[in-house]
Amino acid sequence: MKNQTRPAWDEYFLDLAQLVARRSTCLRRNYGAVIVKDNIIVSTGYNGAARGEPNCIDIGECVRERYNVPKGERYELCMAVHAEQNAIIAGDPVKMQGATIYISGYEFAGEQASGEPCLLCRRMIKNAMIKRVAYLDENGKKKNIRFETSE
Numbered sequence: 010m011k012n013q014t015r016p017a018w019d020e021y022f023l024d025l026a027q028l029v030a031r032r033s034t035c036l037r038r039n040y041g042a043v044i045v046k047d048n049i050i051v052s053t054g055y056n057g058a059a060r061g062e063p064n065c066i067d068i069g070e071c072v073r074e075r076y077n078v079p080k081g082e083r084y085e086l087c088m089a090v091h092a093e094q095n096a097i098i099a100g101d102p103v104k105m106q107g108a109t110i111y112i113s114g115y116e117f118a119g120e121q122a123s124g125e126p127c128l129l130c131r132r133m134i135k136n137a138m139i140k141r142v143a144y145l146d147e148n149g150k151k152k153n154i155r156f157e158t159s160e
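Residue numbers (my numbering): 10 to 160.
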């Protein structure tokens, strides 16, 4: 077996977020999120239609694409729940306090997309008392956002 360098924890969990993104059911962008505390995975999530709703990949259409809606606008037209939201919904609230959420995404065609959370997801992350966001930007560079948590 060839000697290889073990990835740092952030790299490891961002790689896992990229893997989780492969489960996405969106026709525009695929995102994955992994919530971690003390190097233990608390929860994962990917973007896709709400439970019981048809997935865009199954019906073959994205309403926002049909209307050429730019990124970050008119979310009310979309059936998807964001990866961060799904990870938070599935996670134990106590275990999320002080945790880190790792986010990675890519365009449907395969190019890296910015994993920076939208304003609504930032609010949910803060409300879940997650203290740090680590994500890959559109150039694949790791970025961090830190939140102060108060109880």
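Backbone N, C-alpha and C fix where the C-beta goes; we use that ideal spot for every residue, glycine too.
- Within the region 53-140, the complete alpha helix (DSSP H) segments at least 4 residues long are 65-68, 72-75, 92-99, 102-105 and 128-136, listed from N- to C-terminus.
- CA-CA distance, aspartate 19 to arginine 60, rounds to 30 Å.
- Judged by DSSP in its simplified three-state form, alanine 17 adopts coil rather than helix or strand.
- Isoleucine 68 sits exposed, since fewer than 16 C-beta atoms from the chains shown fall within 10 Å of its C-beta.
- In terms of Cα proximity to leucine 129, the closest of Gln106, Ile98, His91 and Ser113 is His91.
- Collapsing the DSSP output to three states places leucine 145 in a strand.
- For lysine 152, same chain residues with a beta-carbon under 6 Å away, outside a window of 5 residues either side, are Tyr144 and Asp146 in chain order.
- Distance between valine 51 and valine 43, taken at the CA atoms: about 8 Å.
- Rounded to the nearest angstrom, the gap between the Cα atoms of lysine 140 and alanine 118 is 32 Å.
- Per DSSP, the unbroken beta strand (DSSP E) holding asparagine 39 starts and ends at 38-46.
- Contact between alanine 30 and tyrosine 111 is ruled out by a C-beta separation of about 11 Å, above the 8 Å threshold.
- In this structure, isoleucine 97 places its C-beta atom within 7 Å of the C-beta atom of alanine 137.
- DSSP places arginine 32 outside any beta strand (DSSP E), giving it a letter other than H or E.
- Looking at the DSSP output, lysine 152 sits in a beta bridge with Tyr144.
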